[in-house]
Amino acid sequence: MKQATISAGEQLRHRREILFKEVDLIQSVLDRMFRASFFVKGWAVAIAIGIAWASAGGPRSWLAAPALLAFWSLDAFFLHQERLYRALYLWVITYRLTRDEFSLDLRVARFHGETAGLLAAFFSRTLLGFYGIFALLSLAAALLAKVGGR
1036 MKQATISAGE
1046 QLRHRREILF
1056 KEVDLIQSVL
1066 DRMFRASFFV
1076 KGWAVAIAIG
1086 IAWASAGGPR
1096 SWLAAPALLA
1106 FWSLDAFFLH
1116 QERLYRALYL
1126 WVITYRLTRD
1136 EFSLDLRVAR
1146 FHGETAGLLA
1156 AFFSRTLLGF
1166 YGIFALLSLA
1176 AALLAKVGGR
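Using the numbering used here, count along the sequence shown one by one with no gaps and you end on 1185.
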């Protein structure tokens, strides 16, 4: 029985098709991560302002802190996942044309040791700058309420 052989050109063309499909999948995941992160930031701002307005510097102004921490943590998770998918993207761009392993595999667990962890994402410059401002404002409002005797 004669086995079908694939020429080197056909194999390269097939690997390129897989590369393009895989890159498209990864880019769509990164786009969803970006949109989710943006959505979380919007809700964080709305809720922090709502709590600050409702408490108006009163004794309950500390209530913004748990909500802020929850949104900050969720946003850090999205940032961490985004970094893992960027590592996957780089791996695919670098190795897909020469390797068939992990073909169309979007699981990013194998990149946990290669990227910064969740705690590093939590204290990244972008998230620290964004949520840090709200944390400082919330703390200042709570301290002013305590000093003002409200």
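The beta-carbon is built from N, C-alpha and C at its ideal position, and this holds for glycine as well.
Just to check my reading of the structure: residue i and residue j have Cβ atoms closer than 8 Å, yes? What is that Cβ distance to the nearest angstrom?
i	j	result
A1111	A1156	4 Å
F1169	A1083	5 Å
S1138	I1041	The Cβ separation is near 15 Å, so there is no contact.
V1143	V1058	The Cβ separation is near 15 Å, so there is no contact.
S1072	L1114	7 Å
R1051	L1132	7 Å
Could you tell me the boundaries of the alpha helix (DSSP H) in which residue i lies?
i	result
L1123	1099 to 1130
L1154	1153 to 1157
State the Cα-Cα distance for the pair residue i and residue j, rounded to the nearest angstrom.
i	j	result
F1069	F1106	15 Å
W1088	F1074	21 Å
P1101	T1150	28 Å
L1162	R1145	25 Å
R1118	S1108	15 Å
L1103	L1153	17 Å
D1135	G1077	41 Å
L1174	V1080	15 Å
G1164	V1064	25 Å
Y1120	L1060	10 Å
E1045	F1055	15 Å
L1098	D1066	32 Å
G1148	T1129	18 Å
G1085	L1125	41 Å
L1171	L1047	55 Å
Is it buried or exposed, residue i, if we count other Cβ atoms within 10 angstroms and call 16 or more buried?
i	result
Q1062	exposed
H1049	exposed
Y1166	buried
A1177	buried
A1043	exposed
Counting contacts by CB-CB distance shorter than 7 Å, is residue i in contact with chain B?
i	result
S1159	Looking at the structure shown, chain B is missing, and only one protein chain is on hand.
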